[in-house]
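For the sequence shown, our numbering gives the first residue as 5, with consecutive numbering after it.
We treat Cβ as the ideally placed atom computed from N, Cα and C, and that holds for glycine.
Every value quoted in this text rests on a predicted model; they were computed, and no experiment measured them.
To keep things clear, I will list the structure first and then write my remarks on it.
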Amino acid sequence: MTERRQVVENCDCDVIHSEIVDQVRVKMPETEVLYKLAELFKVFSDSTRVKILWALYESELCVCDISVLLNMTQSAISHQLRVLKQVNLVKFRREGKIVFYSLSDDHVQQIFNQAMNHISEGEI
């Protein structure tokens, strides 16, 4: 099997572009904010969670519906929904005994739209 590696180009200079570094440093978010951002992106690394988010992008659904749609147990779906709720990507509402899930807000739809646009760029 041939292994493909991407080469990362290094800078061959010893001069630091201090003005640019200072400009970026001033704009750099606090470590805690970047940690939260990394945690958010980590949620998208699981294909089951992405499938759930995609389904909720299309329509509000209950756990039973998602379970049938993805051919998974309700327990497995509930676990993933709990993870998605922890990072505020999904919300729920109760109607009697049924709990319906939906995307938290338009930002989640925008993230999906941007991601789909990004991955489709390479498919031209």
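- S106 sits in a strand when the DSSP states are folded into three classes.
- Approximately 7 Å separates the beta-carbon atoms of S106 and V94; this is inside 8 Å, confirming the contact.
- Here the alpha carbons of E43 and I56 stand approximately 18 Å from one another.
- Taking the CA atoms as reference points, K46 sits about 27 Å from N14.
- Each residue's CA atom was taken as its position, placing I24 and M32 some 12 Å apart.
- Secondary structure of K40 (DSSP, three-state): helix.
- Contact between F104 and C66 holds: CB atoms are separated by about 5 Å, below the 8 Å threshold.
- The residue from Q27, K101, Y61, E99 with its alpha-carbon nearest to that of I115 is Y61.
- Distance from the CA of G126 to the CA of W58, rounded to the nearest whole angstrom, comes to 21 Å.
- Taken atom to atom, the span from the alpha-carbon of I102 to that of F96 is near 10 Å.
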